[in-house]
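Student:
There are 2 protein chains.
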Amino acid sequence: MIDPPVPTPRPERARLIDIAREVGVTKSVVSRVLNDDPTLTVRPETRRRIWAVAQRLGYRAHAGARALAGAETRALALLIPDLGNPVYSRIIRGAYRRAREHGYVVLLAEDTTDDAADEAFPELVEAGRVDGLLIASARPDHQLLASPRLSRVPHVFVNREVPGSGRNVGMDLPAASATAVRHLHALGHRRIGLVSGPEELQPARARAAGFVAAMRELGLDPGGIARGSFDERGGAGAAQELLRGVPDLTALYTSTLGQAVGTLHAVRSLGLRIPDDVSVVAYDDLPLADHLDPPLTTIGMPLLELGAAAVDAVLRQLGGEPPADVVVPTRPVVVERRSTARPAGRQEVAGGEPGPPRSAATGRSRARPRPPR
Amino acid sequence: MIDPPVPTPRPERARLIDIAREVGVTKSVVSRVLNDDPTLTVRPETRRRIWAVAQRLGYRAHAGARALAGAETRALALLIPDLGNPVYSRIIRGAYRRAREHGYVVLLAEDTTDDAADEAFPELVEAGRVDGLLIASARPDHQLLASPRLSRVPHVFVNREVPGSGRNVGMDLPAASATAVRHLHALGHRRIGLVSGPEELQPARARAAGFVAAMRELGLDPGGIARGSFDERGGAGAAQELLRGVPDLTALYTSTLGQAVGTLHAVRSLGLRIPDDVSVVAYDDLPLADHLDPPLTTIGMPLLELGAAAVDAVLRQLGGEPPADVVVPTRPVVVERRSTARPAGRQEVAGGEPGPPRSAATGRSRARPRPPR
DNA sequence: GCCCGGTAGGAAACCGGTTTTCTGATGGAG
DNA sequence: CTCCATCAGAAAACCGGTTTCCTACCGGGC
Numbered sequence: 001m002i003d004p005p006v007p008t009p010r011p012e013r014a015r016l017i018d019i020a021r022e023v024g025v026t027k028s029v030v031s032r033v034l035n036d037d038p039t040l041t042v043r044p045e046t047r048r049r050i051w052a053v054a055q056r057l058g059y060r061a062h063a064g065a066r067a068l069a070g071a072e073t074r075a076l077a078l079l080i081p082d083l084g085n086p087v088y089s090r091i092i093r094g095a096y097r098r099a100r101e102h103g104y105v106v107l108l109a110e111d112t113t114d115d116a117a118d119e120a121f122p123e124l125v126e127a128g129r130v131d132g133l134l135i136a137s138a139r140p141d142h143q144l145l146a147s148p149r150l151s152r153v154p155h156v157f158v159n160r161e162v163p164g165s166g167r168n169v170g171m172d173l174p175a176a177s178a179t180a181v182r183h184l185h186a187l188g189h190r191r192i193g194l195v196s197g198p199e200e201l202q203p204a205r206a207r208a209a210g211f212v213a214a215m216r217e218l219g220l221d222p223g224g225i226a227r228g229s230f231d232e233r234g235g236a237g238a239a240q241e242l243l244r245g246v247p248d249l250t251a252l253y254t255s256t257l258g259q260a261v262g263t264l265h266a267v268r269s270l271g272l273r274i275p276d277d278v279s280v281v282a283y284d285d286l287p288l289a290d291h292l293d294p295p296l297t298t299i300g301m302p303l304l305e306l307g308a309a310a311v312d313a314v315l316r317q318l319g320g321e322p323p324a325d326v327v328v329p330t331r332p333v334v335v336e337r338r339s340t341a342r343p344a345g346r347q348e349v350a351g352g353e354p355g356p357p358r359s360a361a362t363g364r365s366r367a368r369p370r371p372p373r
Numbered sequence: 001m002i003d004p005p006v007p008t009p010r011p012e013r014a015r016l017i018d019i020a021r022e023v024g025v026t027k028s029v030v031s032r033v034l035n036d037d038p039t040l041t042v043r044p045e046t047r048r049r050i051w052a053v054a055q056r057l058g059y060r061a062h063a064g065a066r067a068l069a070g071a072e073t074r075a076l077a078l079l080i081p082d083l084g085n086p087v088y089s090r091i092i093r094g095a096y097r098r099a100r101e102h103g104y105v106v107l108l109a110e111d112t113t114d115d116a117a118d119e120a121f122p123e124l125v126e127a128g129r130v131d132g133l134l135i136a137s138a139r140p141d142h143q144l145l146a147s148p149r150l151s152r153v154p155h156v157f158v159n160r161e162v163p164g165s166g167r168n169v170g171m172d173l174p175a176a177s178a179t180a181v182r183h184l185h186a187l188g189h190r191r192i193g194l195v196s197g198p199e200e201l202q203p204a205r206a207r208a209a210g211f212v213a214a215m216r217e218l219g220l221d222p223g224g225i226a227r228g229s230f231d232e233r234g235g236a237g238a239a240q241e242l243l244r245g246v247p248d249l250t251a252l253y254t255s256t257l258g259q260a261v262g263t264l265h266a267v268r269s270l271g272l273r274i275p276d277d278v279s280v281v282a283y284d285d286l287p288l289a290d291h292l293d294p295p296l297t298t299i300g301m302p303l304l305e306l307g308a309a310a311v312d313a314v315l316r317q318l319g320g321e322p323p324a325d326v327v328v329p330t331r332p333v334v335v336e337r338r339s340t341a342r343p344a345g346r347q348e349v350a351g352g353e354p355g356p357p358r359s360a361a362t363g364r365s366r367a368r369p370r371p372p373r
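Note that the protein sequences, when read in sequence, are chains A and B.
All letters in the first sequence, in the order written, are residues 1 to 373 by UniProt numbering.
All letters in the second sequence, in the order written, are residues 1 to 373 by UniProt numbering.
#1: Hey, how far is the Cα of A:G166 from the Cα of A:A324?
#2: Give the range of the beta strand (DSSP E) segment to which residue 385 of chain A is assigned.
#3: I want to know whether the stretch 263-279 of chain A touches the stretch 213-225 of chain A - three or more CB-CB distances under 8 angstroms.
#4: Counting only runs that start and end within the stretch 139-172 of chain B, where is the alpha helix (DSSP H) found for 4 or more residues in a row?
#5: Hey, how far is the Cα of B:I50 from the Cα of B:S89?
#6: By how many angstroms is the C-alpha of B:L76 removed from the C-alpha of A:F121?
#7: Exposed or buried, A:Q143, counting other C-beta atoms within 10 Å across all chains shown (16 or more means buried)?
#8: Which residues in chain A sit within 7 angstroms of B:V261, going by Cβ to Cβ distance?
#9: Using the C-alpha atoms, what's the distance from B:R43 back to B:R13?
#10: To the nearest whole angstrom, what separates the beta carbons of A:V246 and A:A260, a pair I think is in contact under 8 angstroms?
#11: What are the partner residues of A:V326, as DSSP defines its beta bridges?
#12: Closest to A:R331 by CA distance: which of A:A176, A:D312 and A:T46 is it?
#13: Which residue marks the beginning of the beta strand (DSSP E) containing A:V333, and which one marks its end?
#14: Taking CB distances under 8 angstroms as the criterion, tell me whether A:A63 reaches chain B.
#15: Check A:I299 in the structure and name its three-state DSSP category.
#16: Give me the Cβ distance between B:V328 and B:L306, rounded to the nearest whole Å; I'm assuming they're in contact under 8 angstroms.
#17: Applying the 10 Å Cβ sphere with the 16-neighbour rule, what's the burial state of B:Q55?
#18: Given that a residue counts as buried once 16 or more other Cβ atoms are within 10 Å of its Cβ, and exposed if not, what is A:G109?
#19: So, is B:D248 buried or exposed, given that buried needs 16 or more other C-beta atoms within 10 angstroms?
#20: Per DSSP, what are the beta-bridge partners of A:G94 in this structure?
#21: Would you tell me roughly how many angstroms separate the C-alpha atoms of B:A20 and B:K27, rounded to the nearest one?
#22: Quick check: A:A282 and A:T250, are their CB atoms within less than 8 angstroms of each other?
#23: So what's B:Y59 in DSSP terms, helix, strand or just coil?
#24: Rounding to the nearest angstrom, what Cα-Cα distance links A:L184 and A:A313 in this structure?
#25: Of all Cβ atoms in chain B, is any one closer than 8 angstroms to the Cβ of A:G84?
#26: Any idea what DSSP makes of B:R346, helix, strand or coil?
#27: Whose C-alpha, out of A:V23, A:L173, A:E200 and A:R227, is nearest the C-alpha of A:A206?
#28: Taking only beta-carbon atoms, is B:R15 less than 8 angstroms away from chain A?
#29: Using 8 angstroms as the threshold, is the stretch 154-165 of chain A in touch with the stretch 180-194 of chain A, meaning 3 or more CB pairs across them?
#30: Quick check on the burial criterion: 16 or more other C-beta atoms within 10 angstroms. Buried or exposed for A:T263?
#31: Tell me, please, whether the CB atom of A:L145 is closer than 8 angstroms to any CB atom in chain B?
#32: What does the alpha-carbon distance come out to for the pair B:L145 and B:T46?
#33: Compare the C-beta of A:P122 with all C-beta atoms of chain B and state if any pair is closer than 8 angstroms.
#34: Just grab the DSSP bridge partners of A:I50 for me.
#35: Taking B:H265 as the query, report the chain A residues whose CB atoms sit under 8 angstroms from its CB, ordered along the chain.
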């Protein structure tokens, strides 16, 4: 016994040549059969046997070898700024699914502000692990945007536009604001405030623009806008500013679900009730909305489609087409829960004019006992 | 002009041979210098120049070529069951960081129940994209667990044990329960209920076992346990069951933050106040806890360390060590917010016996006006 | 003067695919 | 019967690294 049993010397993967040997052809034939090379002519019988053996052996091409041979990696990288934010989980899922339909894998990387971002790009793109790049919610000061290295790889920007890039994949944000405003207007609200986001962020501006346009169109004063960060704290601050500064305010539209959570706090801390005194609508419909108190009326956005569209766009670039901006056509929808109602008249607007009948809320709409005050 | 300008024929990556040519050596020398091959002897001057040129050209080895040449991919895959759950985002972050410290990349894949799971494994492991695998919260019926293909790649189970695998990386769950129980006991609670998870899930059992042990140790009756799924709905159901079935109950400990959200709903829907009538403590400290109403007292777990430990464990396997179970040593801590207080006496327990002074809450611990009753 | 050992690096095989070019056999047309 | 086209597949180069083995040079000891 000179040779002790080695632990794991053989990877034991089936290789092209294993199939070739078993079928009795060369590996080039196997490769071309499995890849449907149209320039190859083989007997149907041989073709069938190759497929059968590949199946039986569980063959899968070595991604590295394939990439090395000049073909594609068949992988895309998706850079996400914050995996703790559930918005992205839907975009990711949409991207995954579409990628799979095209035989691609999506490699996810968190692209936080700190130095980790420096690494994700070189480790994935420059190490040749991926063919293309999806960048979600790029910050305007993202160092990658200025880098010439970025331009050498097909890429798109998802969920936050980079103006002038011609590679933006987005949704109709103004339409989302209009949907929210029109819903509130239909309920009878006239003074509506917008809890907006940081002015330097394009989506914040787009939602604000849509808000202003929709308000004007309905003949309402679009002046009630306050800004804060996209998180709970920002929402609380902006909501407080609006509730204190805008007289007769009966409804708030927030730019993120996080802001909505802060808004709920702010409203209550001022001793007001939701939706009795103030209705609240939030952009983005996520599972959390169901479990807030009260369950939150939201604007549902096509996030799955957004992820899918981003994959489509980058695959088009891989196919040789020039990059182009894309807007997902699906329209925002109102997901009505219990944070919106007709204005009861926080002050003099006590009279109830007729409005559209309230549609059935999602979830159990058990009657909630109202404690006397 | 026979040859029109081709779009992007040259990847324009710097290769080993580019460096070699510029320095005036062969690529084998460059490779060995950059990889610190101890069997190589070179003049310090040559070594220096190689590094300098590599730096200047922004050289990065092609991952595929490296993997093909028998070396490692320097990538690990992390399978996550649900990217919408923020618990995982912390584990992921911990794993990323530790991996980077060792020069590895983490490729993330969502491993949902549906067919997508079938693809993640072959696409990442069998395509040779990764050297090892971290599997988070494997369900006991996960088809991968039975597959012999899994045993051929180094892997660990994170956050949910697979009994007998000898590859579990976990935290001290019983200690978490004990921490919660002791905290509530110190506040004066005597009847404490556990909102537990599905019995077939190992973490649910571990938390329940720790709960029972801690209760017994304090001479309390550990009988108040109800089960539900780990989400909001399960928490609401189990909490309701406990609040209705267990007399004199003054505190609830929930097994997840999601269950806590459901529990808050259930408590309120029975007309009880938090923390005045019922205190609530949740397992897992996440940002959301700060923004619930009231902000939730939680048991903070070492999730970053868990992710890091999982990476360490799989890297040890790559280094040739046999797999072994790991328990992250960091102890759970109480993150006190406003969902816990001394029991006011939901019924006859009205008298206030002295207890330990309330520690300072994280965040603003603004005095909370208690409305008269 | 010769041999020896260390220093500094060269040469080449190999990993597992892809792709282009080439060849042998067959069969039908003329 | 011969020739050419087509069919079916073979052969080999190549991608960019890693790794093992080899070699040329140099100085010193005997």
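All C-beta atoms, glycine included, are put in the ideal place defined by N, C-alpha and C.
This one's a predicted model, so the numbers in the text were calculated from it and none came from an experiment.
Tutor: Once the coordinates are examined:
#1: 5 angstroms
#2: Residue 385 of chain A falls outside the range modelled here, since chain A spans only 1 to 373, and no answer is possible.
#3: no
#4: 143-146
#5: 39 angstroms
#6: 16 angstroms
#7: exposed
#8: H291
#9: 27 angstroms
#10: Incorrect: roughly 18 angstroms between the Cβ atoms, too far for contact.
#11: A:V169
#12: A:A176
#13: V333 to V335
#14: yes
#15: strand
#16: 5 angstroms
#17: exposed
#18: Residue 109 of chain A is actually Ala in this sequence, not Gly. Buried.
#19: exposed
#20: DSSP output for A:G94 lists no bridge partner at all.
#21: 5 angstroms
#22: no
#23: coil
#24: 35 angstroms
#25: yes
#26: Note that B:R346 scores 44 on pLDDT, short of 50, meaning its location in the model is unreliable and no value can be drawn from it.
#27: A:L173
#28: no
#29: no
#30: buried
#31: no
#32: 50 angstroms
#33: yes
#34: Answer is none; A:I50 lacks a bridge partner.
#35: H291 and D293
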